[in-house]
Amino acid sequence: MATDAVAAAMAASSLCDNLEPATVRTGIRDVLAAGAARAGERVVVGGWVRTGREQGKGTFAFLELSDGSCASTLQVIVDAAVRPLARLTATGTSVLVEGEIKEPPEGTKQNVELKVSRVLEVGEVDAAAYPLPKGKVKLTLEKLRDVVHLRSRTNTIGAVARIRHQLAFATHRFFHENAFLYVHTPIITTSDCEGAGEMFQVTTLFSQAEKTEKELKENPAPSESEIEAAKVIVKEKGDAIAQLKAAKASKQDISAAVDGLHRAKEHVSKLEERSKLKPGIPRWDDGSIAFENDFFKRQAFLTVSGQLQVETYACALSSVYTFGPTFRAENSHTSRHLAEFWMVEPEIAFANLQDDMNCAEKYIQYLCKWLLDHCREDMEFMVKNYDKSAIERLELVSSTPFVRISYTKAVELLKNVTDKKFDNKVEWGIDLASEHERYLTEDIFKKPVIVYNYPKGIKAFYMRLNDDDKTVAAMDVLVPKVGELVGGSQREERLDVLKQRILDAGLPLEPYEWYLDLRRFGSVKHSGFGLGFERMILFATGMENIRDVIPFPRYPGRADL
Numbered sequence: 001m002a003t004d005a006v007a008a009a010m011a012a013s014s015l016c017d018n019l020e021p022a023t024v025r026t027g028i029r030d031v032l033a034a035g036a037a038r039a040g041e042r043v044v045v046g047g048w049v050r051t052g053r054e055q056g057k058g059t060f061a062f063l064e065l066s067d068g069s070c071a072s073t074l075q076v077i078v079d080a081a082v083r084p085l086a087r088l089t090a091t092g093t094s095v096l097v098e099g100e101i102k103e104p105p106e107g108t109k110q111n112v113e114l115k116v117s118r119v120l121e122v123g124e125v126d127a128a129a130y131p132l133p134k135g136k137v138k139l140t141l142e143k144l145r146d147v148v149h150l151r152s153r154t155n156t157i158g159a160v161a162r163i164r165h166q167l168a169f170a171t172h173r174f175f176h177e178n179a180f181l182y183v184h185t186p187i188i189t190t191s192d193c194e195g196a197g198e199m200f201q202v203t204t205l206f207s208q209a210e211k212t213e214k215e216l217k218e219n220p221a222p223s224e225s226e227i228e229a230a231k232v233i234v235k236e237k238g239d240a241i242a243q244l245k246a247a248k249a250s251k252q253d254i255s256a257a258v259d260g261l262h263r264a265k266e267h268v269s270k271l272e273e274r275s276k277l278k279p280g281i282p283r284w285d286d287g288s289i290a291f292e293n294d295f296f297k298r299q300a301f302l303t304v305s306g307q308l309q310v311e312t313y314a315c316a317l318s319s320v321y322t323f324g325p326t327f328r329a330e331n332s333h334t335s336r337h338l339a340e341f342w343m344v345e346p347e348i349a350f351a352n353l354q355d356d357m358n359c360a361e362k363y364i365q366y367l368c369k370w371l372l373d374h375c376r377e378d379m380e381f382m383v384k385n386y387d388k389s390a391i392e393r394l395e396l397v398s399s400t401p402f403v404r405i406s407y408t409k410a411v412e413l414l415k416n417v418t419d420k421k422f423d424n425k426v427e428w429g430i431d432l433a434s435e436h437e438r439y440l441t442e443d444i445f446k447k448p449v450i451v452y453n454y455p456k457g458i459k460a461f462y463m464r465l466n467d468d469d470k471t472v473a474a475m476d477v478l479v480p481k482v483g484e485l486v487g488g489s490q491r492e493e494r495l496d497v498l499k500q501r502i503l504d505a506g507l508p509l510e511p512y513e514w515y516l517d518l519r520r521f522g523s524v525k526h527s528g529f530g531l532g533f534e535r536m537i538l539f540a541t542g543m544e545n546i547r548d549v550i551p552f553p554r555y556p557g558r559a560d561l
């Protein structure tokens, strides 16, 4: 058996003789983590030069190399005899080098360095054109958004990317450990989850209209006289076939005539079809857009939430979650809004509002603890450069039980505040503003707060109506720095009540018939929530603008790349 395996491996390798050997590269993080324990070992390392400088009158150069695997850089020493130094030292240059790990001289800040023996690959940079500055000179985060394709090479965006990765990994791990199934919900939807109407429309009508207009210019639609002339030819061919049959012509002649008739009829059909082509967007007689001519034969949108769809799986598989991009066409330019953002949305069958709050609290604490355990270096970078309290905040939230108060109680507390004047007046029935939420969590309680039982008038139609007929079983998790981090509710499982709530929201029933079916056929008490993933990153890092914690931000006027 072993011989067969060796033979198979040799046969497979022979098929790849014309390819380059695989690159066995060691990550900079692994080199730095091992420290002096790997001194004397030969490794291949690749990365981008953060800073480079020639020393010893041009006899060698120091390169600070980063490959993104960690926040720190590896000091690389290259002799001029190995490769011309001018090609290596420009900021942004990529290199793949082979060398020996060495302990640096005493008194230097590095714990190891790499002495290069071979430069395997170089990706050169025109230093005069490279938009990222050299050394300690920094571009503002706002300026970096103008070079979004290169900003991941900076310390800040690199740290955010690693933190984002860890939070995403921890999300999947948390739900896996708690027996949730990951469900991929659609990005294109025909229903409005929030009922706000601020949705991006998905349509091919515009491209179809452009195509039709171009086609009509090149080949105008046939006139009625052209169509009538084609019909005359069809009649003539039909008459000819009748004459052939009357004359008892051969089957071959009749068959050929029938084929000609079919082609003539097809030509008429094509002319009639082309005659229906009109420039512009197709409309009905009343001026409304004829979406029946669109790709999906109806209006379709980019989703604002995967919640409604994932409920279908919760009502069959019990505990599920979706994690993906969502979209909102809200013309907002604040530091807290994006047009495209990611949501984590679990849904739990046989669960009430209390179960929902328990799950949200446990999940948020898990994320905070995960960052403390697995992302300490990047979090220390954030503390040093952006928010001195970032790690303290994670420690507080990960270890402190959340306060739980009703909306009514929260309004009472805010009304009694005397040391601060709010920009937005506090009264029962308002949607709490960010300043109210942050005051509750940062000043009154100094810890995370869950506010529950909100007025029905400010919440979505699918939230369960409470017995007082004034509030719904909704909850928001408020945390320091960002205010609302999670919004959730117990879902309305009663068919008649849900129908009325949809109508009260001014929405048509037809697009939600499938959603109502979940209540018609084996309805079950269930709950869920949504966590704005970028808001979680803002909370964790202390960054001020949500556009800096997503790789490719989309907001009014900007959709780069």
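Take the sequence shown: its letter number 42 is residue 42 in full-length UniProt numbering, and every next letter is one higher.
Where is the CB? At the ideal position from N, CA and C, for every residue including glycine.
Every value quoted in this text rests on a predicted model; they were computed, and no experiment measured them.
Asked                                                                                                                 : Found
Own chain partners of K245 with C-beta closer than 7 angstroms, once the 5 adjacent residues on each side are dropped : I254
Helix, strand or coil at F233 according to DSSP, with G and I counted as helix                                        : Going by the sequence as given, residue 233 is Ile instead of Phe. The answer is helix: DSSP assigns I233 an H, G or I state.
Range of the contiguous beta strand (DSSP E) that encloses I444                                                       : Premise fails: I444 is in no beta strand (DSSP E) and is neither H nor E.
Secondary structure of P346, DSSP reduced to three states                                                             : strand
S489, enclosing beta strand (DSSP E) - first and last residue                                                         : G483 to Q490
Residues sharing a beta bridge with W428, DSSP                                                                        : Answer by DSSP bridge pairing: none, since W428 is not bridged.
Beta-carbon gap between E347 and V310 smaller than 7 angstroms                                                        : yes
Per-residue burial, E492 [other beta carbons within 10 Å of its own, 16 or more giving buried]                        : buried
Among L394, F296, D355 and N385, the one whose alpha carbon lies nearest that of H374                                 : L394
Alpha-carbon to alpha-carbon, W48 and A86                                                                             : 15 angstroms
Unbroken alpha helix (DSSP H) run spanning F175, endpoints                                                            : N155 to E177
Spatial distance of C315 from N352 (CA atoms)                                                                         : 14 angstroms
Whether D356 touches F529 by CB criterion (7 angstroms)                                                               : yes
Meets three-Cβ-pair contact criterion under 8 angstroms: the region 103-123 and the region 70-86                      : yes
Buried/exposed call for T108, threshold 16 Cβ in 10 Å                                                                 : exposed
N- and C-terminal bounds of the alpha helix (DSSP H) containing Y321                                                  : Y321 -> not in any alpha helix (DSSP H); beta strand (DSSP E) instead, spanning S319 to F327.
Extent of the continuous alpha helix (DSSP H) to which V258 belongs                                                   : K251 to S275
Contact check, K481 vs F539, beta carbons under 7 angstroms                                                           : yes
Through-space distance from V232 to K278, alpha-carbon basis                                                          : 25 angstroms
C-beta atoms of P222 and R263 nearer than 7 angstroms                                                                 : no
Same chain, Cβ closer than 6 angstroms to I364, five either side skipped, listed in chain order                       : none
Reference G58; option with closest CA among C70, G487 and V78                                                         : V78
Residue interval of the alpha helix (DSSP H) (run including V383)                                                     : R376 to N385
Stretch-stretch touch, CB-based, cutoff 8 angstroms, three pairs: the region 394-407 with the region 432-451          : yes
Exposure label - S305; buried when at least 16 CB within 10 Å                                                         : buried
Under 7 angstroms between C-beta atoms of F461 and W342                                                               : no
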